[in-house]
Structures are given as structure tokens and as C-alpha cells.
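K.L.:
One rule links them: number in my numbering = place in the sequence shown (from 1) + 1239.
Just so it is clear, CB atoms sit at the ideal spot from N, CA and C, and this is done for glycine as well.
Structure below; questions to follow.
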Amino acid sequence: MKKWFIPLLALWLYGCSAGPGEEDIRQQVTAKLLAETDANLFDISDFTILGKEERMEGVYLVKVSYQLHFKQGLDQLQVLHDEDLVYDRVGPFQQEMGLMELERKYGEFEAGQVLPQEAEVWMMKGEQGWRLAEPAQ
């Protein structure tokens, strides 16, 4: 029993300090991507963790890569948007900001296009587990 205590303790301590797991990272990054856009815009595949580095105690910088598979193209979204355009005090320019942001992020994507992406995200351990975080500027 005594000969197993030190190796088991070391393994347990390593597990506590290993940072966020792959499933936690995948779940948080996917949730963030889908929250920023329409969930029917793309699917996410080939999620890979390129590296993770502890920058402060309990705060990790994680580098990930993934592929976006677009279900709709920007031109299709523009047609749908034009059908729903409401002329109000805000005006059409303000209503087009969402499409402009998508074009800025992903270019002029088409339905069926696969777009490889890389990102860096900050994660920290909270009371409910690992979550995305933004460092103070």
C-alpha cells in the first residue's frame, strides 16, 4: 500500500493541475460560436487542441483549430435578410450590420464550403467548472 501512495498522489496532483479537458474546451468554444451566429449557419468538425498554456494560476490560454461547414451561403442569407427587412427608425444600414460582421469574419462563403479556422481562447476554472474568460486589459 505504501509503495503505491506516492505515485498515486503524484498522478492525482497532475490531474488536478492539467487544465481544462478536451471536452470542456470543445463545449465552450462551440457554444460561443453558435451564440454569435444562427445555429443553422454552419456545423463544426475536426476540433483539435493545438496547445494549452497556464498563464496564471488556474487561467489557461488554449489554441484550437476546427472546420466550419456552411449550410447556407452569404448570398442566400442576403436574400432572406432582404425579405425580412423592416424600414424603421434604425434604418436598413443598422439591420445589415449582422451580415457585414459575418462577411468580415468568414469572407464571402457559399453553401457547402468548408472553412478551416484557428483561434485562441482563455479558460479559467470556476465554481461550475471550466469556462471561457477574457483577460483584463
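Can you give me the start and stop residues for the beta strand (DSSP E) that Glu1292 sits inside?
P.N.:
From DSSP, the beta strand (DSSP E) with Glu1292 extends over Phe1281 to Met1295.
K.L.:
What are the residues that DSSP puts in a beta bridge with Met1363?
P.N.:
Answer is Val1298 and Arg1370, bridged to Met1363.
K.L.:
Kindly list the residues whose CB is nearer than 6 Å to the CB of Ser1363, restricted to its own chain and excluding five residues on each side of it in sequence; keep chain order.
P.N.:
Just to set this straight, residue 1363 is Met in the shown sequence, not Ser. Gly1297, Val1298 and Ala1372.
K.L.:
When the distance is taken between beta carbons, is Ile1283 closer than 8 Å to Leu1272?
P.N.:
In contact: Leu1272 and Ile1283 (Cβ atoms closer than 8 Å).
K.L.:
Return the residue from the list Glu1293, Gln1311 and Gln1352 that minimises the CA-CA distance to Asp1277.
P.N.:
That would be Gln1311, whose Cα lies nearest to the Cα of Asp1277.
K.L.:
Could you tell me the alpha carbon to alpha carbon distance between Pro1259 and Thr1269, rounded to whole angstroms?
P.N.:
Cα-Cα distance, rounded: 15 Å.
K.L.:
Distance check for Glu1275 and Ala1381, CA to CA, integer angstroms please.
P.N.:
This structure leaves residue 1381 out entirely; the chain is present only between 1240 and 1376.
K.L.:
Sort Leu1341, Asp1263, Ser1304 and Ile1264 by Cα distance to Gln1315 and report the nearest one.
P.N.:
That would be Leu1341, whose Cα lies nearest to the Cα of Gln1315.
K.L.:
Helix, strand or coil for Gln1352, going by three-state DSSP, please let me know.
P.N.:
In the structure shown, Gln1352 sits in coil (DSSP, three-state: anything other than H, G, I, E or B).
K.L.:
Which same chain residues end up closer than 6 Å to Gly1290 when comparing Cβ atoms and leaving out the 5 residues on each side of it in sequence?
P.N.:
Correct list, in chain order: Lys1302.
K.L.:
Using DSSP's beta-bridge definition, name the partner residues of Val1303.
P.N.:
DSSP output for Val1303 lists Ile1288 and Ala1358 as bridge partner(s).
K.L.:
Where do the ends of the alpha helix (DSSP H) carrying Asp1263 lie?
P.N.:
Where Asp1263 is concerned, the enclosing alpha helix (DSSP H) stretches over Glu1261 to Glu1275.
K.L.:
Please check the pair Gly1368 and Asp1263, which I expect to be a contact at CB under 8 Å, by giving their CB distance rounded to whole angstroms.
P.N.:
Rounded, the Cβ-Cβ distance is 7 Å, consistent with contact.
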